[in-house]
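So for the sequence shown, the numbering used here puts the first residue at 17; every next one is plus one.
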Amino acid sequence: MWDYMGLTRVYTKRRGEAPQFEEPVVLGSERKGVSVQSACMSISKDMLDNFNYALVWGTSTKYNPQRVGKEHMLQDEDVLQVIVKTANQQKRDKNYNQKVQAYFDKYKKKKKALKT
């Protein structure tokens, strides 16, 4: 049924924990694709901004776990663990100051709206 509908189940895993087989991330090959990037977008938009690499267990890799990038194509019932950049890696980015300023401006605007 999953193959007929073009859907792929991807299970998520946190560092140091077992995979969560109860609630998969369902990706469609016709909608946004079945890449690591589309899985990150369906979980959180901020995750993709701070993406460093991912570890994948399953049939889409040669060995388990395999370190992959955003463009890696996932297959049904793969397990995905996303590793985000550390704070020091984020600070070394070219547009780090712009991101911090945008976040501060958004916070300031929200705080001002609550006062009025």
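Backbone N, C-alpha and C define an ideal beta-carbon position, used for all residues, glycine too. The structure presented is a predicted model; accordingly, all values stated were derived computationally and were not measured.
Look at the alpha carbon of residue i and the alpha carbon of residue j, and state the distance between them as a whole number of angstroms.
i, j, result
"Y79", "W73", "8 Å"
"A5", "N104", "Since the first and last residues shown for the chain are 17 and 132, residue 5 lies out of range."
"D92", "A55", "12 Å"
"Y123", "K86", "30 Å"
"S45", "K131", "46 Å"
"N113", "K107", "8 Å"
Excluding the 5 residues flanking residue i on each side, which residues of the same chain have their C-beta closer than 8 Å to its C-beta?
i, result
"V100", "M63, N66, F67, N68"
"V84", "V52, Y69, A70, L71, V72, T77"
How would you write the range of the alpha helix (DSSP H) that residue i sits in, first residue to last?
i, result
"V52", "52–59"
Tell me which residues share the same chain as residue i and place their Cβ nearer than 6 Å to its Cβ, disregarding the 5 neighbours each side in the sequence.
i, result
"D94", "V26, V72, G74, S76"
Can you round the beta-carbon distance between residue i and residue j to whole angstroms, since I take them to be within the 8 Å contact cut?
i, j, result
"D36", "T28", "It is worth fixing the name first, because residue 36 is Gln in this sequence and not Asp. So it is a contact: roughly 6 Å between Cβ atoms."
Starting from the C-beta of residue i, find all residues in its chain whose C-beta is less than 7 Å away, skip the five residues before and the five after it, and write them out in chain order.
i, result
"V50", "T24, L43, M89, L90"
For the beta strand (DSSP E) holding residue i, just list the boundary residues, first then last.
i, result
"R25", "23–28"
"P40", "36–44"
- prompt: Which runs of the alpha helix (DSSP H) fall wholly inside the region 68–120 and span at least 4 residues, in chain order?
  reply: 103–107
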